[in-house]
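A short worksheet on the structure shown next.
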Amino acid sequence: MTTNTARNAAAADGTWQTARRGGTSVLLQDLSRTFGATRALDGLSLEIAPGELVALLGPSGCGKTTALRIVAGFESADAGSVIVDGKDISSVPPARRDMGMVFQSYSLFPNMSALDNVAFGLRMRKLGAAARRKRATEQLDLVGLAEQAKQYPHQLSGGQQQRVALARALAIEPRVLLLDEPLSALDAKVRLQLREQIRTLQQRLGTTTMFVTHDQEEALSMADRVGVMRQGRLEQIAAPDKLYDDPVTAFVAEFVGVMNRIPGERQGGTVAVLGGNVPVRDPGGQSPAEPLGDDNAVDVLVRPEGLTMQVAENGNGIVTTRTFLGSVTRVGVRLDGDVAVQIDKPSSEAAALGPGTSVSVSLPAQPVLIAPRRNPVT
Amino acid sequence: MAAITGTTEATGTRGPRPSRKRVSLPVWRWVILLVAAVYFLIPLFAALRFAGIGAFRSVISEPGFTSSLGLSVRLAVVTTVITIALMLPTAVYVHLRLPRLRRLLEGITILPIVIPPVVLIVGVLQIAPGFLKSTPYLLALEYVILAMPFAYRAIDAGLRALDLKTVVEASNSLGAGWTTTLFRVVLPNLNTALLSAIVLTVALVLGEFTMASLALFETFPVWIVVNDQTSGQVSVAASLLALFVTWLFLLAITVIGTRRARRTGGGEVTLFTVARQQTRGES
Chain A
1318 MTTNTARNAA AADGTWQTAR RGGTSVLLQD LSRTFGATRA LDGLSLEIAP GELVALLGPS
1378 GCGKTTALRI VAGFESADAG SVIVDGKDIS SVPPARRDMG MVFQSYSLFP NMSALDNVAF
1438 GLRMRKLGAA ARRKRATEQL DLVGLAEQAK QYPHQLSGGQ QQRVALARAL AIEPRVLLLD
1498 EPLSALDAKV RLQLREQIRT LQQRLGTTTM FVTHDQEEAL SMADRVGVMR QGRLEQIAAP
1558 DKLYDDPVTA FVAEFVGVMN RIPGERQGGT VAVLGGNVPV RDPGGQSPAE PLGDDNAVDV
1618 LVRPEGLTMQ VAENGNGIVT TRTFLGSVTR VGVRLDGDVA VQIDKPSSEA AALGPGTSVS
1678 VSLPAQPVLI APRRNPVT
Chain B
38 MAAITGTTEA TGTRGPRPSR KRVSLPVWRW VILLVAAVYF LIPLFAALRF AGIGAFRSVI
98 SEPGFTSSLG LSVRLAVVTT VITIALMLPT AVYVHLRLPR LRRLLEGITI LPIVIPPVVL
158 IVGVLQIAPG FLKSTPYLLA LEYVILAMPF AYRAIDAGLR ALDLKTVVEA SNSLGAGWTT
218 TLFRVVLPNL NTALLSAIVL TVALVLGEFT MASLALFETF PVWIVVNDQT SGQVSVAASL
278 LALFVTWLFL LAITVIGTRR ARRTGGGEVT LFTVARQQTR GES
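Heads up: the sequence lines are chains A and B, in that order. For what it's worth, our numbering labels the leading residue of the first sequence as 1318, then goes sequentially. For what it's worth, our numbering labels the leading residue of the second sequence as 38, then goes sequentially.
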């Protein structure tokens, strides 16, 4: 209420000074939602700190979009609540939630110019025509589209449309910014630019942001924290580097980045693999979908940079492929027992590793993550 | 890139079609146009010759002309209002909330084309209460049903071109309630579609004969046929006049619609489709 009065006062003198909020916190508590027979959300809980950008990452159908739409108010949860700044907003209609949203598909109003699109939310907030125009122009300038102000959506490229949509969502100074795969319809180069632009703006404005994507690169590069979702639950939420280095479940380990699976034999707290014995890491989390059970036949999960390899006659593997990635080269090796792995080598050292080279692959004695043995893919 | 696209023209992207296809088209286009023109124009020309210019002048003073035309126009207005008031909310609601019923609704709206008007009017005259049977507005109710397939399809095409759900949600999230969303976002983007629906409905009402004749109301088409027995030339002149006015009306709508669509990017406007232009490629 107080913010509204402040706004109206600002609107009256035409300045609309950015009322610096302390930032908004968002709390999702035990959200559940089923659509017919599918359980889209299964007790999702998540806390977003003021000014934080949290990405929800997961395969399609994991419930990430449903979660976002519940926060926006377009869907309702069967159980659980959405709490914004300490208030339960579950029964507040979308129009009064004060959330800026950018959609996956182009969502600009075709009958309005870019400027009018951006000004729409301000008009709904009863801002005067001149003030609204001024502020909308500023917003367009912020996304680098001041010159396109008079153009209609169909005259803009996809990337430009999404930038106008972003400006439109930010113009109302939303409490929370919701991004529903806003980049997935764009081509790679534009996507990269816009990714940086969104992140820069978000940090500058300090807007609490929830970002849904299936693209791990996008999530890891933009977010303060990334939540990996699976079957309506959060498997792990952590900073990008932590997620990559210390995944708590096999699902997270394999969903984020490249992961090798090498069969091993569990022996108490260690696992026998590649002729050696390495300690098993206790990740602290456990995927309910894949309990480890009592079976001693397991897979060891190692990243391409976690394996070492030397050229050796009669080694335990043969080089099959070699992919140059810049400073490193990813070498494909077929191990004894028909296990294919990928190993990263500095490109300078990889020159000697042509296909057909016999190599010896080993694992440094550091704790590793294990998962139930999966039938080898032939 | 050029080398690749050069050899795989057909599998290319959604861009403009290869120009090769365009070359062979104009000749056929003209032939078809010519045949169609001959087919339509000869009867019109014959009618014009039969009626003579003088008949046009006497049409207006003919007894019954004003009252029957007036009735037809009133019916057209009432029918259009009811049709839009019924079809627009229904189509919007189905698009937003019950997308699975879209097929079903499409099927239902097509029924009036399948069922002959005679069957409809005879059935209605059997069961209609007395006070309705005595008023010509009974016809308006009937015409609403007849107009349904055309009106629904026109509105449906407009809604499809809009991506209604996303646009409505965007509007909501920006703080607009339902009424504001409807009047500021949905309707302005549908006005071409609505115009199409209106034109089709009006044209249908102005030309409908069977029902009016069976229900014994003298609408304009009925008057033309009745008048034909007394003065053939005048009635033909009236028909031509009606045809010309309707045609002007359609032309006006198409021109207005296309001009608007060009400004806001709605692509080409025809009576049934409001094709939205593809978004410009990334540049």
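Note that beta-carbon positions come from the ideal geometry of N, C-alpha and C, so glycine has one too.
So which of the options has the shortest CA-CA distance to residue i?
i	options	result
A/Leu1591	A/Val1678, A/Lys1506, A/Asp1402 and A/Ala1484	A/Val1678
B/Thr127	B/Thr117, B/Ala279 and B/Arg139	B/Arg139
A/Leu1522	A/Leu1503, A/Val1493, A/Asp1562 and A/Met1626	A/Val1493
A/Asp1415	A/Gly1585, A/Arg1516 and A/Ala1486	A/Ala1486
A/Ser1665	A/Thr1674, A/Gly1654, A/Gly1673 and A/Val1645	A/Val1645
B/Val271	B/His132, B/Ile90 and B/Phe82	B/Ile90
B/Pro132	B/Ile192, B/Ser268 and B/Leu231	It is His, not Pro, that sits at residue 132 of chain B in the sequence shown. Closest by alpha carbon: B/Ile192.
A/Ala1366	A/Asp1655, A/Arg1542, A/Ala1412 and A/Glu1622	A/Arg1542
A/Leu1432	A/Gln1533, A/Asp1395, A/Gly1476 and A/Ala1484	A/Ala1484
A/Val1658	A/Glu1622, A/Arg1550, A/Glu1582 and A/Ala1669	A/Glu1622
A/Pro1684	A/Val1460, A/Asp1563 and A/Asn1633	A/Asp1563
A/Asp1359	A/Gly1353, A/Leu1370 and A/Asp1347	A/Asp1347
A/Leu1425	B/Asp200, B/Thr103, B/Val236 and B/Ala234	B/Asp200
A/Arg1512	A/Met1539, A/Gln1548, A/Ala1389 and A/Ala1488	A/Met1539
Per DSSP, which residues does residue i bridge with? Please list them.
i	result
A/Met1626	A/Val1678
A/Gln1346	A/Ser1398
A/Thr1646	A/Phe1641 and A/Lys1662
A/Pro1577	Correcting the residue type first, residue 1577 of chain A is Asn in the shown sequence and not Pro. According to DSSP, A/Asn1577 bridges with A/Val1619.
A/Lys1404	A/Val1401
A/Pro1596	A/Thr1587
Along the chain, where does the alpha helix (DSSP H) that runs through residue i open and close?
i	result
A/Ala1484	Gly1475 to Ala1488
A/Met1441	Ala1431 to Met1441
B/Ile145	Arg139 to Val151
B/Phe168	Gly167 to Lys170
A/Ile1515	Ala1505 to Leu1522
A/Leu1560	Pro1557 to Asp1562
B/Ala92	Ile90 to Ser98
B/Gly107	Phe102 to Arg134
A/Asn1613	First-last for A/Asn1613: undefined, no H or E at that position.
B/Val155	Pro154 to Ile164
A/Arg1386	Lys1381 to Ala1389
Is the shortest distance between the beta-carbon of residue i and the beta-carbons of chain A less than 7 Å?
i	result
B/Phe63	Here residue 63 of chain B turns out to be Pro, not Phe, going by the sequence shown. Taking Cβ atoms only, chain A never reaches closer than 7 Å to B/Pro63, which makes this a no.
B/Val327	A query on residue 327 of chain B cannot be resolved here, the shown segment of chain B reaching from 38 to 320 and no further.
B/Ala213	yes
B/Ser233	no
B/Ser210	yes
B/Ala216	Looking at the sequence shown, residue 216 of chain B is not Ala but Thr. No, because no Cβ of chain A sits closer than 7 Å to the Cβ of B/Thr216.
B/Ala207	yes
B/Asn226	yes
B/Thr229	no
Look at the alpha carbon of residue i and the alpha carbon of residue j, and state the distance between them as a whole number of angstroms.
i	j	result
B/Arg134	A/Ala1357	19 Å
A/Trp1333	A/Tyr1423	Per-residue confidence for A/Trp1333 stands at a pLDDT of 37, beneath the threshold of 50, marking its modelled position as unreliable; the derived number appears in the next sentence. Their Cα atoms are separated by approximately 28 Å.
A/Gln1479	A/Phe1528	14 Å
A/Thr1265	A/Thr1382	Only positions 1318 to 1695 of chain A appear in the structure, and residue 1265 of chain A is not among them; the question remains open.
A/Arg1386	B/Ile119	36 Å
A/Val1343	A/Gly1368	10 Å
A/Arg1550	A/Pro1491	27 Å
B/Val204	B/Leu224	12 Å
A/Arg1508	A/Gly1461	15 Å
B/Pro166	B/Glu255	20 Å
A/Pro1689	A/Gln1421	36 Å
With 7 Å as the threshold, decide whether the Cβ of residue i is near any Cβ in chain B.
i	result
A/Ser1679	no
A/Asn1428	yes
A/Phe1572	no
A/Phe1528	no
A/Ser1424	yes
A/Gly1353	no
A/Asp1445	Here residue 1445 of chain A is Gly; the residue named in the question, Asp, does not match the sequence. No, no contact with chain B.
A/Gly1461	no
A/Pro1499	no
A/Phe1641	no
A/Ala1412	yes
Are there any heavy atoms of the ligand COA lying less than 6 Å away from the beta-carbon of residue i, as far as the coordinates show?
i	result
A/Val1481	In the structure shown, the ligand COA is absent, as is every other ligand, since no ligand is present at all.
Please list the terminal residues of the continuous beta strand (DSSP E) segment that includes residue i.
i	result
A/Thr1526	Thr1525 to Thr1530
A/Asp1497	Val1493 to Asp1497
A/Asp1709	This structure cannot speak to residue 1709 of chain A, because chain A is shown only from 1318 to 1695.
A/Thr1355	Thr1355 to Ile1365
B/Arg221	That residue, B/Arg221, is in no beta strand (DSSP E); it is neither H nor E in DSSP.
**Asked** Name the residues in the segment 183–209 of chain B whose C-beta lies less than 8 Å from a C-beta of chain E; which are they?
**Response** Given the protein chain composition of this structure (A and B), no chain E is represented.
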